[in-house]
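Residue numbers (the working numbering): 200 to 405. Positions of the beta carbon are idealized from the N, C-alpha and C atoms, including for glycine. Given the structure is predicted, the values throughout are model-derived calculations rather than measurements. Here the structure is laid out as structure tokens; the discussion comes afterwards.
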Amino acid sequence: MKLGIKRAAAMFSATIVGCGIASTAAAYEAGDWIARVGTHYVDPASDNGDVVTVDAAPGLTASVVYFVAPTIAVDLLVAAPYRHDIHLKDGGSKVASTDHLPPTLSLVWYPAVAGKLKPYVGAGLNYTMFFNEQTTGALAGTHLSLDDSLGLAAVAGLQVDLAPHWGLMVDLRYMDIDTDARLNGADLGTVTIDPIGYGLALSYQF
200 MKLGIKRAAA MFSATIVGCG IASTAAAYEA GDWIARVGTH YVDPASDNGD VVTVDAAPGL
260 TASVVYFVAP TIAVDLLVAA PYRHDIHLKD GGSKVASTDH LPPTLSLVWY PAVAGKLKPY
320 VGAGLNYTMF FNEQTTGALA GTHLSLDDSL GLAAVAGLQV DLAPHWGLMV DLRYMDIDTD
380 ARLNGADLGT VTIDPIGYGL ALSYQF
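In structure tokens:
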């Protein structure tokens, strides 16, 4: 988690520096909505644990943004199920896989900036649901269970205006995801996932 927080802090710092370059009137108004559809590539932290490592995976995502003030918005991110393979840390052989859904609710600051490039930063909560755990290889025939996770989340992004109402969004998201794993009911300890998500989406403002 410490490594993930450092990565999140670094991306926030870079975005905030960029935000201070050109301030002007707010680009949005209270009551505005933005809908986005795209993809995020979820890259788990390298220190998943002493026994296993969790692979990165792409997935389809969508978000809805509602402005409660000209520079403050609520952002809800949802996704189609992600599928992650789980490998033994030493030998590297695949031993399991799991699906997960990571809905994330954030409060986001959109600084008033000029032009078509609109950076933003935010923080919130992530709730990750694990399901459809399957075992294979050395763990074939066993039952793997992963607990759901509730943790902090952070986002730094850039909205690029392409045409009236239409735009392109790129962002980085950090999620604090830790799950307790059990094999045949026996406690295996905590698996730290703490991924960075790299996102790209088409957006529509209304």
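- Nearest neighbour of Ala278, chosen from Ile233, His239, Gly384 and Val307 [CA to CA]: Comparing Cα-Cα distances from Ala278 to each of Ile233, His239, Gly384 and Val307, the minimum goes to His239.
- Does the segment 299 to 307 come within contact of the segment 262 to 279, defined as at least 3 CB pairs closer than 8 Å? Yes, since at least three Cβ pairs between the segment 299 to 307 and the segment 262 to 279 fall closer than 8 Å, the two stretches touch.
- To which residues of the same chain is Ser222 closer than 6 Å at the C-beta, ignoring the five residues directly before and after it? Bear in mind that a pLDDT of 48 at Ser222, under 50, signals an unreliable position, so the model cannot answer this.
- Query: Going along the chain, which residues of its own chain have a beta-carbon closer than 7 Å to the beta-carbon of Ile220, five neighbours each way excluded?
  - Reply: Note that Ile220 scores 45 on pLDDT, short of 50, meaning its location in the model is unreliable; the coordinates nonetheless yield the value given after this. Around Ile220: no qualifying Cβ.
- Let me know if Pro243 comes out buried or exposed under the rule of 16 or more other beta-carbons within 10 Å of its beta-carbon. Around the Cβ of Pro243, a 10 Å sphere holds 16 or more other Cβ atoms; the residue is buried.
- Message: With the cut-off set at 9 Å, would you say Ala234 and Ala255 are in Cβ contact?
- Response: Annotated as distal: Ala234 and Ala255, with beta-carbon spacing of 9 Å or more.
- Buried/exposed call for Phe266, threshold 16 Cβ in 10 Å: Result: buried.
- For Thr327, collect the residues of the same chain with a Cβ closer than 6 Å to its Cβ; drop the 5 residues on either side in sequence, then sort them by chain order. Scanning its chain for C-beta atoms nearer than 6 Å, with the 5 sequence neighbours on each side dropped, one finds around Thr327 the residues His299, Pro301, Ser348 and Ile376, in chain order.
- Message: Please tell me whether Val369 and Thr335 are closer than 9 Å, where the distance is taken between their beta carbons.
- Response: A distance of 9 Å or more separates the beta carbons of Val369 and Thr335.
- In its own chain, which residues sit with a C-beta less than 7 Å from the C-beta of Leu259, not counting the 5 before and 5 after it? Annotation for Leu259: Thr238, Ala278 and Ala279 place their beta carbon closer than 7 Å to its own, counting only its chain and skipping 5 residues before and after.
- Neighbour-count burial assignment, Gly291, 16 or more Cβ in a 10 Å radius: Under the 10 Å beta carbon count, Gly291 is surrounded by fewer than 16 other beta carbons and is classified as exposed.
- Query: Residues bridged to Thr186 by DSSP?
  - Reply: Residue numbering for the chain in the displayed model covers 200 to 405; residue 186 lies beyond these limits and cannot be assessed.
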